[in-house]
Structure formats: structure tokens, C-alpha cells
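Under my numbering, the sequence shown is numbered contiguously, ending at residue 100.
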Amino acid sequence: MGQNGEVIGPRRADVMEQAVDDELILFNPVTETYFTLNRSAREVWDLVDGSRTVNDIARGLASRYGMDPEALIEDVRAIVDSFVAAELLAN
């Protein structure tokens, strides 16, 4: 995916979601593949709405947990890249 300042998403409308405890199970009907998101990836998924960047998401999570956003950028980028690779995003 592009730079950290590039808007991400939105999520594909046809991806189905099912919450199980702290995890989220996604089903991509196009690739017929299931994905299980842990709590961290689920929080990123919940913030991918087509209007935020990696930096925005990292800042939001950092604020929520009292962390430095710079410490989260690479993790958020890796999670978003996995969404792209799994064809879970519309763009």
C-alpha cells in the first residue's frame, strides 16, 4: 500500500464479519477465504472507513492507550498491508 499519509480503504461492503470474544472473523466471498483478526488487528479494522490514514489510525490508538503514535505506525501499516493482500479493502 502507499504512504502512511494516504487514505486507506474503505472496507469492502461484501466482507462478512462475526465477532468471537476479542477476535473478529472475516469472510471474503470473492476469494472464499476466512480471516481471523486478533484484538489489535480488529481495532485497526474498525477504524478503516475510507477517511483515515495509517497515521490517523496510529494516533487514535496511541491516544486510546497512552502511547507514542510513532511506535504504532509500522504495526498499523503491517496490519493494513495484510488487509490489502487479503483483498478486504475496496481500493
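By construction, the Cβ of each residue, glycine as well, lies at the ideal position given by its N, Cα and C atoms.
Just so you know, these numbers come straight off a predicted model, no measurement behind them.
With respect to the C-alpha of asparagine 13, the residue from Ala87, Asn64, Phe92 and Val93 having the closest C-alpha is Asn64. Pairwise C-beta distances place the region 23–36 out of contact with the region 81–89, as fewer than three of them are shorter than 8 Å. In the three-state reduction of the DSSP assignment, isoleucine 66 falls in the helix class. One alpha carbon belongs to glutamate 52, the other to glutamate 32, and they sit about 10 Å apart.
Taking 3 residues as the shortest admissible run, the region 18–76 contains the following complete beta strand (DSSP E) segments, listed from N- to C-terminal end: 25–29, 32–37 and 42–46. Beyond the five residues adjoining it in sequence on each side, serine 49 comes within less than 8 Å, by CB distance, of Asp84 and Ile88 in the same chain, given in chain order.
By the criterion of a C-beta distance shorter than 7 Å, glycine 18 is surrounded in its chain by Val57, Asp58, Gly59, Leu98, Ala99 and Asn100, once the five residues flanking it on both sides are discounted.
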